[in-house]
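Using the numbering used here, you'd call the opening residue of the sequence shown number 1 and step up by one each time.
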Amino acid sequence: MSTTKKAKSALISVFHKDGLEAIVKELDKLGITIYSTGGTEKFISNLGINVVPVEDLTSYPSILGGRVKTLHPKVFGGILNRRDNKGDIEQIKEFEIPEIDIVIVDLYPFEKTVASDTNEQDIIEKIDIGGISLIRAAAKNFKDVICVSSMNQYDEFLNILSENNGEITLENRKKFATKTFAISSHYDTAIFKYLNQDIGANEFRESFDKVSTLRYGENPHQKGYFFGDIEKLFDKLHGKELSYNNLLDVDAAVNLMNEFKTDAPTFAILKHNNACGLAQRDTIYQAYVDALAGDPQSAFGGVLIANTKIDSATAEEIHKLFCEVVIAPEYDKEAIEILKGKKNRIILIQKTIDLPQSNYRTSLNGVLSQEKDRITDEKSHLTQATKLHPSENEVQDLLFAAKICKNTKSNTIVLVKNKQLCASGTGQTSRVDALNQAIIKANHFNFDLEGAVMASDAFFPFPDCVEIADNAGISSVIQPGGSIKDQLSIDYCDNHNMSMVFTGIRHFKH
C-alpha cells in the first residue's frame, strides 16, 4: 500500500497570514476543499476562493468571545480518524464527519505578547487552546495528515503541493509532525516559565526555537550547535561564523564587561574564557594598549571587548593583532573599515538586552541549574579585617580586581595595579599555585608589583598566600573571608604593614 496520499481537504486557521495567499490559491487550483473560521475564513473569502465555514461543519457558532471555535468532534474526528481502520471509517460515515488531510494552523503569539504587554489578562488570552489541540491532533495522525504549524514552513509546503500535484509523502508528513511537536513543546514551556515567575516551582524547563549548526564543537571531531537567537544580542558586521569556542569566549567577555558597563573606558582581552588583559583609562585607546600589555602573548587569537565606542586610532592598534572577535557597543565608521582588513575577523556590535538570570549545564545524567552570580562587590560590602586601612586608590583597585576575579576560573588570584590587570592565576587546584602563577606571569611581562593589590575568589585557610603576596610587593588584599583560620592571615598582614578587606561573598567559577 502506498504511503503517499493525495490531499482532498484542508483546515486553515492562522494568526499570521503573510505568505498564506499563495498556498490558498494552490489548494483551490488542486480542487482541495478548504475549511476555515474567523479572520482566516474572511481572508480566504476576500481572495474570491470558496471556503466552508467551520461553523457550517459543526452546526455550532464560535462562542465565549472566540475561545471555543474548533473544539468539536466533527473537526477532530476529521483529523484523527485512521484511514485504514474499519471502525474509524464506519464512525465518520455514521456521524457525517469529513476527512481533513491538511491542517494549517499556527499559534497565538504568546511570547511576543509577554515581551510587549504587562497586562496579565492580555497575556492569558494569548494562551492558545484550539490551535495547540489541532496541531497536536494532526501531528499525532501524521500517517494520514500533514500539519503546517508555522509560517516559516509555508514556502516548503507550497513546493510540496505544487511539485507533486497535491500528493504528500509519509516522509514529509512525519517531518512536519516533528516540527509541530517542537513548536508545541516550546509554546508550553514559554507559558510555564511565565506563570512560574511568581510561583518558583522547582521544575526545569527550557526551550529554544532557533538553532545554528556550528562548524564543529569544542574540537573538530565533535558536532556543535547553538540554540538561541544570537542576533538579538549582536549585529554582526564582518567575519566568519562564530564557532563553539568563540561563543564560549564571547559569553565570558560579555559577562565580564557587564561588570564595567557604566564605568570609564574599559577594554578586556580574553582567551579560553579568562581575561588575559584588562585596563580602564581615560580613553579607549589607552585602555586597549594597557590591556594588551597585560599579556601580549595570550592575546594572540583572543576575543576583544570594549565598554564604549571603538575609534579609528584604537582600531589601528587592534589591527596589528591577530584576534578572532572584536565586540563593542559602537564603532567609528573608519574603525569598522580598518578592522575589516582581516577577512575572517568577526566584528560585533553588542546590543542592550537582558541576559538570562540563571545558568545550567549537563551533569552526569541530569542538569545542574543555579541563579546567576549577580552580586558585584562594592565598597559598601567591605569589612575592614586589618588594622591598616587601604587607601582610596587601593580600594578602587581592590574592587576592580574583584570584578575580574569573579569572572575568572577557580581557583584564581588576580593582581591589579592602577586599574590594570597585571596578571592572574587561573583554574588552579591550589590557591598558592594560582598566586605563584600570577606573580611569575607579572614578572615575565615586567610589571612592578610594589603597591599592587590582590583579589581571591575564596578565603585563605592559611597565611601562606598573604605571605607570598607580601614578599612580591603586594600591599592590599580583598577576599571573602569566612575561614575558621582567618585570624592567621589577619595577623600576618598586621605584622607586615598590609591591609586586607573581607567581602563576605565567595565567587567560585567552575
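We put the beta carbon where it would ideally sit given N, CA and C, even for glycine. Computed from a predicted structure; not experimentally measured.
Residue i versus residue j - alpha carbon distance
i      : j      : result
Lys517 : Gly228 : Summary: the structure shown does not reach residue 517, with the chain confined to residues 1 through 510, and so no result is reported for it.
Ser133 : Ser207 : 20 Å
Asn443 : Val414 : 14 Å
Leu449 : Glu467 : 14 Å
Ile336 : Asp354 : 26 Å
Gly66  : Ile129 : 11 Å
Asp373 : Glu392 : 26 Å
Ile32  : Phe157 : 15 Å
Gly239 : Lys340 : 8 Å
Leu248 : His507 : 19 Å
Lys309 : Val211 : 30 Å
Ala423 : Ile404 : 11 Å
Phe204 : Lys351 : 28 Å
Ser369 : Gly473 : 41 Å
Arg173 : Tyr216 : 30 Å
According to DSSP, residues forming a beta bridge with residue i
i      : result
Thr408 : Paired residue(s): none; Thr408 is not in a bridge.
Gly341 : Answer is none; Gly341 lacks a bridge partner.
Asn359 : Gln370
Ala182 : Answer by DSSP bridge pairing: none, since Ala182 is not bridged.
Lys271 : Asn274
Leu421 : Val416
Ile517 : The requested residue 517 does not occur in the structure, where the chain is confined to residues 1 to 510.
Ser456 : Ile413
Thr33  : Ser9
Cys147 : Val103
Leu248 : DSSP lists no partner for Leu248.
Buried/exposed call for residue i, threshold 16 Cβ in 10 Å
i      : result
Pro220 : exposed
Ala115 : exposed
Ser410 : buried
Ser380 : exposed
Asn407 : buried
Arg281 : buried
Phe430 : Reading the sequence as shown, one finds Ser at residue 430 and not Phe. The residue is exposed, with fewer than 16 neighbouring Cβ atoms inside 10 Å.
Asn363 : Asn is not the amino acid found at residue 363; the sequence shown has Ser there. Result: exposed.
Ala22  : exposed
Pro356 : exposed
Cys421 : The question names Cys, yet the displayed sequence has Leu at residue 421. With 16 or more Cβ atoms within 10 Å of its Cβ, Leu421 is classed as buried.
Tyr35  : buried
Gln197 : exposed
Lys320 : exposed
Thr386 : buried
Pro480 : buried
Any non-hydrogen atom of the ligand FMN within 7 Å of residue i CB
i      : result
Asn202 : Inclusion of the ligand FMN in the displayed structure is not the case, the ligand content being empty and no account of it being possible.
Nonlocal neighbours in the same chain, by C-beta distance under 8 Å from residue i, ignoring five residues either side
i      : result
Lys25  : Leu47, Ile49
Tyr492 : Pro463, Val466, Glu467, Asp470, Met498
Ala313 : Tyr285
Gln153 : Phe176, Lys179
Helix, strand or coil at residue i [DSSP, three-state]
i      : result
Tyr331 : strand
Phe95  : coil
Leu107 : coil
Lys5   : strand
Arg82  : coil
Phe142 : coil
Leu71  : coil
Val14  : coil
Ala235 : The amino acid at residue 235 is misidentified as Ala; the sequence shows Asp. DSSP places Asp235 in strand when its eight states are reduced to three.
Tyr492 : helix
Phe227 : strand
Leu348 : strand
Gly48  : coil
Ala299 : coil
Met498 : coil
Ile375 : coil
Ile132 : helix
Ile310 : strand
Ala177 : helix
Ser212 : strand
Sequence-distant residues of its chain with Cβ nearer than 7 Å to residue i (five each side left out)
i      : result
Leu435 : Ile413, Gly425, Cys465, Ile468, Ala469
His496 : Asp470
Leu488 : Phe462, Pro463
Ile191 : Phe110, Ile127
Lys112 : none
Asn245 : Glu218
Cys147 : Val103, Ile135, Ala138, Ala139, Phe176, Ala177, Thr180
Ala287 : Pro265, Thr266, Phe267, Ala279, Gln280, Arg281
Close beta carbons around residue i, own chain, < 6 Å, minus the five adjacent residues each side
i      : result
Ile478 : Leu398, Ala402, Ala455, Val501
Asn307 : Met257, Phe260, Lys261, Thr266
Cys323 : Gly302, Leu304
Ile349 : Asp235
Beta carbon proximity, residue i to chain D, threshold 8 Å
i      : result
Asp433 : Absent from the structure is chain D; it holds one protein chain and no more.
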